[in-house]
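Asker: What the sequence shown shows, in the working numbering, is residues 1 to 100, in sequence order.
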Amino acid sequence: MKSSVKVMLLLFLLIMISCTPGPNPMTDAANAEGDVAGFWLGIWHGFTLMFTFILSWFSDTISIYEIHNNGFWYNFGFLFGVMCFFGGSGGGACKKYKRK
1 MKSSVKVMLL
11 LFLLIMISCT
21 PGPNPMTDAA
31 NAEGDVAGFW
41 LGIWHGFTLM
51 FTFILSWFSD
61 TISIYEIHNN
71 GFWYNFGFLF
81 GVMCFFGGSG
91 GGACKKYKRK
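#1: Decide if the stretch 4 to 20 is in contact with the stretch 48 to 68; the criterion is three or more beta carbon pairs, one per stretch, under 8 Å apart.
#2: May I have the straight-line CA-CA distance separating I43 from S4, to the nearest angstrom?
#3: Give the straight-line distance between the Cα atoms of I62 and H45, rounded to the nearest whole angstrom.
#4: Please return the same chain residues whose Cβ sits closer than 8 Å to the Cβ of D35, not counting the five positions on each side in sequence.
#5: Checking the sheet assignment: what are the DSSP bridge partners for N69?
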């Protein structure tokens, strides 16, 4: 392998490793009201993701993800809500094509 390919591969791996998320220290920790977000709140936050994202541009107090969550079930609900709102992956598979 040429040295330029090795350098590019190393740079690519470094970029991918730097994007790896770390652990959430607030998992299972209650917020100021004493609540921990679970599955149902995850679905709601996933479903309202686009609206919340746009609102977060104009306000520092709005975030798109609740850090005080219960871990897996909140994340699963969040992803499920996002998939439901944006149509999931089955929309293209069910589309019927017209013959010309």
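Glycine included, every Cβ here is placed at the ideal spot set by N, Cα and C. In this text, all values refer to a predicted model and were calculated from it rather than measured experimentally.
Answerer: Short version:
#1: Between the stretch 4 to 20 and the stretch 48 to 68 there are fewer than three inter-stretch CB-CB distances shorter than 8 Å, so the stretches are not counted as touching.
#2: When rounded, the separation of the alpha-carbon atoms in I43 and S4 is 46 Å.
#3: I62 and H45 have their C-alpha atoms roughly 12 Å apart.
#4: If we look at D35 and ignore the five residues flanking it on each side, its Cβ neighbours are H68.
#5: Under DSSP, N69 takes part in a beta bridge, and its partners are A37.
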